[in-house]
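**Student:**
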Amino acid sequence: MRFDTCDNPKFIAGHNNRDKIIKNKNTMAKEVTKRSDNYSQWYDNLVVKADLAERSAVRGCMVIKPYGYAIWEKMQDVLDKMFKDTGHQNAYFPLFIPKSFLSREAEHVEGFAKECAVVTHHRLMADPNGNGVVVDPSAKLEEELIVRPTSETIIWNTYKNWVTSWRDLPILCNQWANVVRWEMRTRLFLRTAEFLWQEGHTAHATRQEAEEETMKMVNVYADFARNYMAVPVVVGHKSPNERFAGALDTMTIEALMQDGKALQAGTSHFLGQNFAKAFDVMFTNKEGKQEYVWATSWGVSTRLMGALIMAHGDDNGLVLPPKLAPIQVVMVPITGKDEAVNNAILDKMDSFKKELEAKGISVKIDSRDTLRPGFKFAEWELKGVPVRLAMGGRDLENGTVELARRDTCEKSSHQQEGIADVIAALLDDIQSNIYAKALKFRDESIRKVDTWEEFKEEITKGGFLLCHWDGTPETEEKIKEETKATIRCIPVDSAVCEEEGTCIYSGKPSSRRVLFAISY
RNA sequence: CGAGAUGUAGCGCAGUUGGUAGCGCACUACGUUCGGGACGUAGGGGUCGCGUGUUCGAGUCACGUCAUCUCGACCA
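The first sequence lines up with residues 105 to 624 when you count with our numbering.
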């Protein structure tokens, strides 16, 4: 485990009342847990304190607050464009699925049955005993409805009517939706009973085309994670044990969190003809023969929010990559008694704001006059705003401003002239810096391990272990039982993986290494 | 569903051998402040999770119940 702290002593130095600062530091220490003390608590704490989300009155369900939702919306905007650029269209399918649909595909039902919410009645009535309302027994549904845990079944039942000829293919649809999976234990963003996601569902005439689609979309996710979230990911295939229920192959992007645990951040499934057969979706091919359609599905969820928080956050709060930050620059005026000076500062800030907005940079001027600057600094750091600009009476005289970057907490003084260009460059630099930092951490956390003894020791330290595996589900299961570690993926892309060796657990021969970790 | 813990103001907590509820933060008003989480003064806010019992009297004791959290099993 490793944490980079950002406890800059400059924040304290020079203040004329050290006792007060220390007192306040203590107060904060109580409020915000440090990562090294308790990583889970730090995470939960941060999600709430940074105003991203909170627990709701409904068991296992969260309220995503405006600031958190704004980040999700930015993610949606980028992903939606990427989907459309790769030829997909949005559509919407029902929240409810007839219960019988779920059982059409045997593995699928087995995978999801345990976590489905079921609608049994369509009406309530006043309780005859006077205790509020009860279900109206006469309103029992003929066929019960499942609240979708994922939409393959309802969608493939629909696609049946959309496809008759090879000319109708491919179908490339995506939907933005909520789904419900009744989990035993929940954590904000990482695992909630209801969550938001997108699910792409495509239908193809050939196996090859569907396999290419599966690969294409996992690469879209990897691209998004790396270039927008600034989170490095490993792309690979899931082992049969970890595969999506009903898929022939599941591809995944795996990210590493700062506590050394892995997080599955997105998946893309090659479904073969399983759902086409279950829902009887056939087409006439160019040769005039009847054939089952080939399918894929792929999704990312609000879990990405969790990945974002855990990949970059520090003991001062959230650290947002500029490309996804709802507010990229916050301006804090340092005001005093002189109203003329205060107004001049705010006027300057307004002009900076216009310049920045012309460059497509989002800016907030924090002109709340009942709060002191120090409080605002701390608050915007907690919320992860990439760049802060502060300006007071002295700056006004000198023609300068102070810039602070969230990723390193470094402060610097700049001339007002050309400040928009400086900030634009700084945002780019922050984006690449936090990626570089996360990449360095991730790369340093990948180790090759060749003996079982070493494996048991190393896995407790967190990170990814590259090991030989004999390819059997039994061995994977044993390793999981003894160490809690699972195969996160069989990496597609790594030259280091492809070498002969012997399975770490069984000693049987293996032709390539796979990636193990303890995961969320 | 197995093991453990906790429910007292919006949040975090204290509350002694049972005697009628308090602290910090937050909140409201006014004033002084404002370059790293300000200070003063004055305020407001509670079915002590719920129920039953013991008692003259229950936040406190007993039994029951509900909820939440942590750790397991399950999962994007």
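We treat Cβ as the ideally placed atom computed from N, Cα and C, and that holds for glycine.
Quick one, which of Trp484, Asn331, Glu562 and Tyr609 has its alpha-carbon nearest Glu580's?
**Tutor:** If we check each option's Cα against that of Glu580, Tyr609 comes out closest.
**Student:** Can you give, in chain order, each stretch of the alpha helix (DSSP H) that sits fully within the segment 536–563 and has at least 4 residues?
**Tutor:** Fully enclosed alpha helix (DSSP H) runs of 4 or longer: 556–563.
**Student:** Does the distance from the C-beta atom of Ala334 to that of Ile357 stay below 8 Å?
**Tutor:** Their beta carbons are not under 8 Å apart, which means Ala334 does not touch Ile357 by this criterion.
**Student:** At which residues does the beta strand (DSSP E) containing Ser401 begin and terminate?
**Tutor:** It spans Trp398 to Ser405 - the beta strand (DSSP E) in which Ser401 sits, taken as one unbroken run.
**Student:** Does Asp181 pass the burial test, meaning 16 or more other C-beta atoms within 10 Å, or should it be called exposed?
**Tutor:** It is exposed - the Cβ of Asp181 has fewer than 16 other Cβ atoms within 10 Å.
**Student:** From the DSSP output, in three-state form, read off Ser615 for me.
**Tutor:** Correct three-state label for Ser615: coil.
**Student:** Which residue marks the beginning of the alpha helix (DSSP H) containing Asp181, and which one marks its end?
**Tutor:** Taken as a continuous stretch (DSSP letters only), the alpha helix (DSSP H) holding Asp181 covers Pro170 to Asp189.
**Student:** In this structure, does DSSP put Thr439 in helix, strand or coil?
**Tutor:** If DSSP states are grouped into helix, strand and coil, Thr439 belongs with coil.
**Student:** Applying the 10 Å Cβ sphere with the 16-neighbour rule, what's the burial state of Asp547?
**Tutor:** Looking at its Cβ environment, which holds fewer than 16 other Cβ atoms inside 10 Å, Asp547 is exposed.
**Student:** Please return the same chain residues whose Cβ sits closer than 8 Å to the Cβ of Asp626, not counting the five positions on each side in sequence.
**Tutor:** Not covered by the structure: residue 626. The range shown for the chain is 105 to 624.
**Student:** Would you kindly check if the distance between the Cβ of His305 and the Cβ of Pro274 is under 8 Å?
**Tutor:** No, the Cβ-Cβ distance between Pro274 and His305 is not below 8 Å.
**Student:** Secondary structure at Cys593, three-state DSSP: helix, strand or coil?
**Tutor:** Strand, per DSSP.
**Student:** Is the separation between the beta-carbon of Arg159 and that of Glu219 shorter than 8 Å?
**Tutor:** No, the pair does not count as a contact, with Cβ atoms beyond the cut-off.
**Student:** Alpha carbon to alpha carbon, how far is Trp402 from Val482? Give it in angstroms, no decimals.
**Tutor:** The sequence given here places Ala at residue 482; Val does not occur at that position. The straight-line gap from Cα to Cα measures roughly 39 Å.
**Student:** Are the CB atoms of Glu317 and Thr400 nearer to each other than 8 Å?
**Tutor:** Closer than 8 Å, so yes.
**Student:** Just how far apart, CA to CA, sit Glu148 and Lys390?
**Tutor:** For the sequence presented, residue 148 should be read as Asp rather than Glu. One C-alpha to the other measures close to 56 Å.
**Student:** Would you call the segment 493–502 and the segment 555–568 in contact, with 3 or more CB pairs under 8 Å?
**Tutor:** Judged by Cβ distances under 8 Å, the segment 493–502 makes no contact with the segment 555–568, as fewer than three pairs qualify.
**Student:** Would Lys365 and Tyr624 be called neighbours here (beta carbons separated by less than 8 Å)?
**Tutor:** Result yes, Cβ atoms of Lys365 and Tyr624 sit closer than 8 Å.
**Student:** DSSP three-state call for Gly496: helix, strand or coil?
**Tutor:** If DSSP states are grouped into helix, strand and coil, Gly496 belongs with coil.
**Student:** Output the distance between the C-alpha atoms of Ser466 and Ile431, rounded to the nearest integer angstrom.
**Tutor:** Cα-Cα distance, rounded: 5 Å.
**Student:** Helix, strand or coil for Arg289 per DSSP?
**Tutor:** Here Arg289 sits in coil by DSSP.
**Student:** Cutting at 6 Å between CB atoms, please list the residues of its own chain near Ser516, excluding the five before and the five after it.
**Tutor:** Same-chain partners within the cutoff: Leu507.
**Student:** Can you give me the Cβ contacts of Lys452 inside the same chain, cut-off strictly under 6 Å, excluding the 5 residues immediately before and after it?
**Tutor:** Excluding sequence neighbours, Lys452 sits near nothing in its chain.
**Student:** Report back the beta-carbon spacing between Phe200 and Val223 to the nearest angstrom; my notes put them in contact at under 8 Å.
**Tutor:** About 7 Å; that satisfies the 8 Å criterion.
**Student:** Look at Ser372 and Val322 and say whether their C-beta atoms are less than 8 Å apart.
**Tutor:** Their beta carbons are under 8 Å apart, which means Ser372 touches Val322 by this criterion.
**Student:** Tell whether a beta-carbon distance below 8 Å holds between Gly566 and Ser549.
**Tutor:** Yes, Cβ-Cβ distance for Gly566 and Ser549 is below 8 Å.
**Student:** Cα-Cα, which of Gly464, Val239, Glu585 and Thr439 is closest to Arg476?
**Tutor:** Arg476 has its Cα closest to that of Thr439, out of Gly464, Val239, Glu585 and Thr439.
**Student:** Beta-carbon within less than 7 Å of Trp146's beta-carbon, same chain only, minus the 5 sequence neighbours each way: which residues are those?
**Tutor:** Counting only Cβ-Cβ distances below 7 Å, and skipping sequence neighbours, we find Thr137, Lys138 and Arg139.
**Student:** Can you tell me whether His226 is helix, strand or coil according to DSSP?
**Tutor:** Three-state result, His226: coil.
**Student:** Determine the burial state of Asn378: buried for a count of at least 16 other Cβ atoms within 10 Å of its Cβ, exposed for fewer.
**Tutor:** Buried.
**Student:** Leaving out five residues before and five after Lys129 in sequence, what residues of the same chain have Cβ atoms less than 6 Å from its Cβ?
**Tutor:** For Lys129, the predicted model reports a pLDDT of 31, less than 50, meaning its position is unreliable and no value from the coordinates is stated.
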